[in-house]
Amino acid sequence: MKKVLIFMGIMLISTMLIWNYSKNKTYFTTKVEAREANEQADQQCIAKKIIRFHVLANSDSNEDQALKLKVRDKVLAYIAPKLSNSKSIEESREILKKYDKNINAIAESVIRENGYNYSVKTELSYVDFPVKSYGTIVLPQGRYEAYRILIGSAKGHNWWCVMFPPLCFTDITKGNVEVEKTQDEMKSALTKDEYALVDNSKNNSENVNNKIIVRFKLLDEVKKLVTDIKDKI
93 MKKVLIFMGI MLISTMLIWN YSKNKTYFTT KVEAREANEQ ADQQCIAKKI
143 IRFHVLANSD SNEDQALKLK VRDKVLAYIA PKLSNSKSIE ESREILKKYD
193 KNINAIAESV IRENGYNYSV KTELSYVDFP VKSYGTIVLP QGRYEAYRIL
243 IGSAKGHNWW CVMFPPLCFT DITKGNVEVE KTQDEMKSAL TKDEYALVDN
293 SKNNSENVNN KIIVRFKLLD EVKKLVTDIK DKI
């Protein structure tokens, strides 16, 4: 009888532990999913107000990366004056569509002038991007509208900025980002809450593992953890 009672006690404790674990796990996944939904909603609101610009190099060789920057410089010198006075994302979108063939021709010309025969493709489309920082601005992972120049195989690292609001118009030759102008442009396009989400100006700009980037990347890791937990339930 004593052994039976001990066995029943062990079974009861085990059942309670399993129930408690399951309850906590469900609570954890629910909280994370709620946070994930909020972050995704914030990202989508921001994405609706932004057009990104990316130039993808053929490869990561020094020569291909240098060519990428030459293409960038020529294209921005051409399109920047046309976009600088744009008052809306719709207007910027139409400008890019209007001058797309010219941009493609400029990119091709730069490539040929430098002795390469790479193909070049320009496109305005929606693309998924990881967390990216530009000056003091950090954009969360998600899908954004982007104007992209793809050089050759387009397998090399890309250079990027934001075309609307117009953040690309910096001192490119020195690689500087006009911090105050960037902040003002973003503030004019986003709500106060949206800007607070992407503003990284209060953190050390030299620390690549800054607060906002770490928060976004940590969320990505938590998403993976939640997926793993669901798969095991």
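Each step along the sequence shown adds one to the number in the numbering used here, with nothing skipped, and position 9 is 101.
For each residue, glycine too, the CB sits at the ideal point set by N, CA and C.
Since we're looking at a predicted model, the values are computed, not measured.
Separation of residue j from residue i, as counted between CA atoms
| i | j | result |
| --- | --- | --- |
| ILE304 | ALA288 | A caution first: ILE304 carries a pLDDT of 47, below 50, which makes its placement in the model unreliable, though a value can still be read off. Rounded to the nearest angstrom, the two C-alpha atoms are 10 Å apart. |
| ILE181 | ILE187 | 10 Å |
| LYS213 | LYS141 | 24 Å |
| LEU242 | ASP220 | 16 Å |
| ALA169 | ILE198 | 10 Å |
| LEU148 | GLU183 | 25 Å |
| TYR226 | PRO232 | 12 Å |
| ASP152 | GLU272 | 32 Å |
| GLN136 | ALA281 | 14 Å |
| GLY234 | LEU175 | 24 Å |
| ASP285 | ASP291 | 10 Å |
| VAL167 | GLN132 | 32 Å |
| GLU237 | MET278 | 16 Å |
| GLY207 | SER178 | 35 Å |
| PRO173 | LYS193 | 17 Å |
| VAL230 | THR283 | 15 Å |
| GLN157 | SER201 | 17 Å |
Near the ligand SAH: residue i beta-carbon under 8 Å from a heavy atom
| i | result |
| --- | --- |
| GLU237 | Looking at this structure, you won't find the ligand SAH or any other ligand, since it has none at all. |
Residues of its chain near residue i, where Cβ-Cβ distance is below 6 Å and the 5 sequence neighbours each way are ignored
| i | result |
| --- | --- |
| ILE189 | It should be pointed out that residue 189 corresponds to Lys in this sequence rather than to Ile. The answer is none, since no qualifying residue turns up. |
| ASP134 | LEU289 |
| ARG240 | HIS146 and GLU215 |
| ALA246 | LEU148 |
| ASN296 | Because ASN296 sits at a pLDDT of 43, beneath the cut-off of 50, its placement in the model cannot be relied upon, and the following sentence gives the value as read from the coordinates. Nothing listed; no residue qualifies. |
| ARG185 | none |
7 Å CB neighbourhood of residue i in its chain, flanking five on each side removed
| i | result |
| --- | --- |
| ILE171 | TYR191 and ILE195 |
| LEU259 | TYR226, CYS253, THR274 and GLU277 |
Own chain residues within Cβ distance below 8 Å of residue i, not counting five before or after
| i | result |
| --- | --- |
| ILE203 | LEU159, VAL163, ASN209, TYR210, VAL212 and ILE243 |
For residue j and residue i, believed in contact at Cβ under 8 Å, the rounded distance
| i | j | result |
| --- | --- | --- |
| PHE145 | VAL223 | PHE145 to VAL223, Cβ: 17 Å. No contact. |
| TRP252 | LEU161 | The Cβ separation is near 12 Å, so there is no contact. |
| PHE256 | ILE143 | 4 Å |
Environment of residue i [buried if 16+ CB atoms lie within 10 Å]
| i | result |
| --- | --- |
| THR274 | buried |
| GLU215 | exposed |
| TYR218 | exposed |
| GLY248 | buried |
| SER293 | exposed |
| THR228 | buried |
| GLU326 | The structure shown does not extend to residue 326, since the chain spans only 93 to 325, so no value can be given for it. |
| ASN64 | This structure cannot speak to residue 64, because the chain is shown only from 93 to 325. |
Helix, strand or coil at residue i according to DSSP, with G and I counted as helix
| i | result |
| --- | --- |
| VAL163 | helix |
| VAL290 | helix |
| CYS260 | coil |
| THR283 | coil |
| LYS224 | strand |
| ALA199 | helix |
| LYS174 | helix |
| LYS213 | strand |
| ASN150 | coil |
| ALA246 | coil |
| ILE138 | helix |
Below-9 Å beta-carbon distance, residue i vs any chain C residue
| i | result |
| --- | --- |
| LEU188 | Judged by its chain identifiers, the structure shown contains no chain C, having just a single protein chain. |
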